[in-house]
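Everything on this sheet refers to the single structure shown next.
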Amino acid sequence: MDMFVVWYFLESTINGALIGLMYALVALGFVLIYKSTDAINFAQGQFVMISGMMVAALAADYSIPVFIAAIMALVFMVLFNVALERVVLRPMIGRPVVAIIMATIGLAAFLEGVFPMFFGSATRSLDIGVPNDPWIIGQIYLTPINVVGALVAIAFFAGFGWFFMKSRKGVALRAVADNHQVSMAMGINVERYFVLAWSMAGVVAVLGGLLWGSAIGVDNTLAVVGLKVFPVVILGGLESIKGCVVGGIIVGVVEAWGGTYIDPAMTQEWFREFFPFEGGGTKDFLPYLLMIAVLFFRPYGLFGKVQIERV
Amino acid sequence: MFHRESGFYKTSYAADFALYPLPIARWSVIGFAILFFAIVPLLVPSYYLTMLNLVGIAIVGALGLNILLGLTGQISIGHAAFMSVGAYTAANLATRLDLPFYITLPAGGLMAAAVGIIVGFPSVRIKGLYLAISTLAAQFIIDWIIIHTPAISGGASASIQVPRPWLFGIQLDTQVELYMFILCVVTIAIVGALNLARSRIGRAFIAIRDQDIAAEIIGIDVRRYKLMAFAISSFYAGVAGVLYTYYSGVANNEFFPLLISIDYLAMVIIGGMGSVLGAIFGATFVTLLPIVIDLVMSYIGPFFMGDSSGLSGIKSHLRLVVFGGLIMFFLVVEPEGLNRLWLNIRNYFRVWPFSY
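Taken in sequence, the protein lines are chains C and U. Going by the numbering used here, the first sequence opens with residue 8, and the numbers climb by one from there. Going by the numbering used here, the second sequence opens with residue 11, and the numbers climb by one from there.
Have a look at this one:
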């Protein structure tokens with residue numbers, strides 16, 4: 008086989024996997040909340056967007072150093088998420104899943120309106136000190152921000168993995184996730200752990216905002232990253248942090264292959280004779296197609312908990 | 011609809027399920043019919059008729075989603091995609107085969123229903139979050155297929171000009187004529203939804219919503235009824251899409267993005283899940299909200315900021331803020347929506363002016 012083909016394939020796959028790890032980081036916020044509070048957060052992408060927007064606006068308009076702006080955003084997001092849990096999500100405990108999904112969809116719309124209203128809807132760039140020129144290994148071109156993002160994601164996954172498996176608080180959180188009433192009976196303050204889960208999700212969102220913001224720029228479209236969360240978590244399984252990583256890498260790689268192989272193939276004459284499609288853009292929905300296929304065979308994802316229902 | 015006896019005197023199921031629980035209900039329905047069919051088209055200026063037309067289209071779509079979400083308890087975040095399926099079906103039939111609206115309208119609905127069954131198929135195995143996300147996937151996939159298939163979308167810009175509907179040699183192109191056209195469809199849709207809810211099918215839907223495993227045990231074919239709910243709901247969506255196409259004169263999938271799906275979910279929730287009257291309230295409220303915000307902002311906006319360019323940016327964001335805020339507010343504070351508020355008012359006047 009031609010060496011060029013191999014390099015091309017490797018470049019596409021590795022870059023896809025790196026981006027996939029960045030998706031997984033956003034998805035981690037979703038999983039953290041779902042694992043411990045059973046709440047489904049459709050606004051995770053908006054969390055990423057508002058934290059990125061806040062950092063970019065503080066850095067650009069008030070010339071605050073990015074590091075300090077990030078800390079300010081961190082404090083804000085944690086406080087915001089705690090307040091959100093108290094005001095919106097806590098009264099909804101025990102209500103149907105559909106109601107919680109709708110409430111967070113409403114939240115997503117709310118956030119998408121309220122932040123651009125204050126900070127303006129112009130696109131800002133966010134510079135966290137990562138170089139723009141690609142790193143070249145062999146014949147593979149790597150985007151530095153993706154590499155940094157993937158490394159940060161891996162570090163966080165390792166950290167959270169340790170936290171959930173070994174630390175006392177992490178074990179308590181897993182107990183809360185399993186069954187609220189039993190953990191209350193065992194003396195765990197469930198409400199305090201809800202607050203902990205939401206503030207951790209806030210931290211992850213700020214991180215996602217910084218990385219994704221510097222990768223693709225900061226404006227309203229940053230929230231679109233959140234739409235990739237769903238294939239990631241469904242593929243991996245909703246309760247699983249390990250599944251989050253695997254799902255993220257799968258989604259990233261599939262997207263990259265769609266961009267490098269399927270899109271160009273679709274413009275070829277022989278393909279269009281059979282399937283009269285125009286243009287590409289497969290990378291936006293291929294992860295979803297894959298997700299639906301997985302749903303049919305493994306409804307609880309690759310690493311998800313199989314649930315048995317009782318009447 | 012407006013007057014009730016001073017207590018509950020129903021002694022049979024037939025009385026409980028009656029469309030007109032009291033003679034006065036019949037009179038109030040006749041009154042509304044006269045108001046909307048005769049007085050409104052004669053007296054209301056055409057600018058306000060355009061709003062009523064949009065409300066009418068939204069009512070049809072919201073009634074459909076209400077059957078799925080409110081009655082059957084299955085969430086769908088892809089309602090707008092079904093609307094665009096209906097819109098493009100009707101547009102292709104109307105432009106290529108010159109078919110009249112009384113064929114394209116049901117055809118658009120049926121096509122949407124067929125797609126709805128396919129999209130609803132995962133609902134047989136999964137529910138809740140998983141179902142929500144697979145319908146979200148359907149929104150993207152249907153969108154992509156429509157845009158990228160020239161045979162459906164008619165070229166790169168994905169929009170098809172559609173002539174206004176013809177009836178008895180008259181082209182319905184003024185707002186009044188379109189109003190009458192849409193109103194007739196809306197009436198049929200409302201009557202259909204009301205009767206569906208009190209039929210065997212509607213009761214099966216409600217049983218599935220309340221406890222699907224128990225429903226299966228008492229002999230309801232859950233799989234069949236779930237798919238039926240998707241089909242009926244998508245049929246309504248398809249019809250709403252066709253109406254919108256005829257109303258705007260063009261079929262374009264930019265009219266039906268994800269945001270519109272969320273609009274329809276909001277209509278059902280703000281109006282009150284599971285009630286036909288609620289869907290009507292919700293559709294009216296959500297459709298008129300941006301217009302009211304526009305109006306209010308153009309009066310009070312200049313006091314806060316000088317230039318109008320900033321104002322138009324604020325307006326679109328403000329709409330999202332009010333919208334999302336209201337969805338959360340109703341879900342947390344009043345899960346039964348505007349319909350519950352209306353029932354509270356009605357119950358207050360039930361024995362008014364005597365408190366017992």
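Built from N, CA and C at the ideal position, the CB exists for glycine as well. Owing to the predicted nature of the structure, the values given are computational and were not obtained by experimental measurement.
Interface annotation, Tyr268(C): not in contact with chain U, CB-CB separation never under 7 Å. Restricted to the segment 18-74 of chain U, the alpha helix (DSSP H) segments that are unbroken, complete and at least 4 residues in length are 23-27, 33-44 and 50-53, listed in chain order. Scanning chain U for C-beta atoms nearer than 8 Å to the C-beta of Ala110(C) yields Ile337, Met338, Leu341 and Val342, reported in chain order. Taking the Cα positions, Phe291(U) is about 15 Å away from Phe42(U). The criterion of a C-beta distance shorter than 7 Å is satisfied by His327(U) and Gly120(C). Closer than 7 Å to the CB of Leu299(U) there is not a single CB belonging to chain C. Neighbours of Phe126(C) in chain U, taken as residues whose beta carbon is under 8 Å from its own, are absent, since the nearest beta carbon is some 11 Å off.
Ser169(U) is bridged by DSSP to Asn262(U).
Contact note: Phe237(C) reaches chain U through Ile143 and Leu146, using a C-beta cutoff of 7 Å and chain order. Interface flag for Pro151(C) against chain U is unset, since no Cβ pair is found closer than 7 Å.
For the C-beta of Gly101(C), not a single chain U residue is nearer than 8 Å; the gap to the nearest is close to 12 Å. Runs of beta strand (DSSP E) with 3 or more residues, each lying fully within the segment 37-94 of chain C, are absent. Comparing alpha carbon positions, the residue from Arg356(U), Ser308(U), Leu298(U) and Met238(U) closest to Gly74(U) is Met238(U). In the DSSP assignment, Leu103(U) falls within the unbroken alpha helix (DSSP H) covering His89 to Arg106.
Cβ contact annotation for Ser56(U) (same chain, cutoff 6 Å, sequence separation greater than five): Gln185, in chain order. Taking a contact as a CB-CB distance under 8 Å, the pair Gly265(C) and Thr289(C) counts as one, their CB atoms being some 4 Å apart. Pairing Leu188(U) with Val331(U), the inter-Cα distance amounts to about 32 Å. Per DSSP, Tyr148(C) lies in no alpha helix (DSSP H) segment; the continuous beta strand (DSSP E) that holds it begins and ends at Ile147 to Leu149. Contact between Ile299(C) and Ser144(U) holds, since their C-beta atoms are separated by about 6 Å, short of 8 Å.
When the Cα atoms are used, His158(U) and Ala124(U) turn out to be separated by approximately 20 Å. DSSP places Val225(C) within a strand segment (E or B) once states are collapsed to three. By a beta-carbon distance limit of 8 Å, Ala289(U) does not contact Phe333(U). Their separation comes to about 17 Å. By the Cβ criterion, the segment 54-62 of chain C is in contact with the segment 213-221 of chain C, since at least three pairs of Cβ atoms, one from each stretch, lie closer than 8 Å. Spanning the alpha carbons of Tyr254(U) and Trp154(U) requires a straight line of approximately 20 Å. For Tyr200(C) and Val178(C), the gap between their C-alpha atoms comes out near 11 Å. Ranked by how close their Cα comes to the Cα of Gly119(U), the residues Asn76(U), Leu141(U) and Met93(U) have Met93(U) in first place. Sequence-distant partners of Val301(C) (beyond 5 residues in either direction) whose C-beta falls short of 8 Å from its own C-beta, in its chain, are Ile241, Leu242, Gly308 and Leu309.
Following the DSSP letters along the chain, one finds Ile256(C) inside the alpha helix (DSSP H) bounded by residues Ile248 to Trp264. According to the DSSP assignment, Ile144(C) belongs to no alpha helix (DSSP H) but to the beta strand (DSSP E) extending over Trp142 to Ile144. Bounds of the alpha helix (DSSP H) holding Gly177(C) are Arg175 to Asp185. The Cβ of Val331(U) sits closer than 7 Å to at least one Cβ of chain C. Its Cα nearest to that of Leu245(C), the residue Ile47(C) stands out among Phe11(C), Leu28(C) and Ile47(C).
Counting every other CB atom within 10 Å of its CB across the protein chains shown gives Tyr69(C) a total below 16, marking it as exposed. Excluding sequence positions up to five before and after Phe122(C), its CB lies within less than 8 Å of the CB of Met56, Ile57, Met60 and Met61, all in the same chain and listed in chain order. Beta-carbon to beta-carbon, Tyr256(U) and Arg174(U) are separated by about 6 Å, close enough to satisfy the 8 Å threshold.
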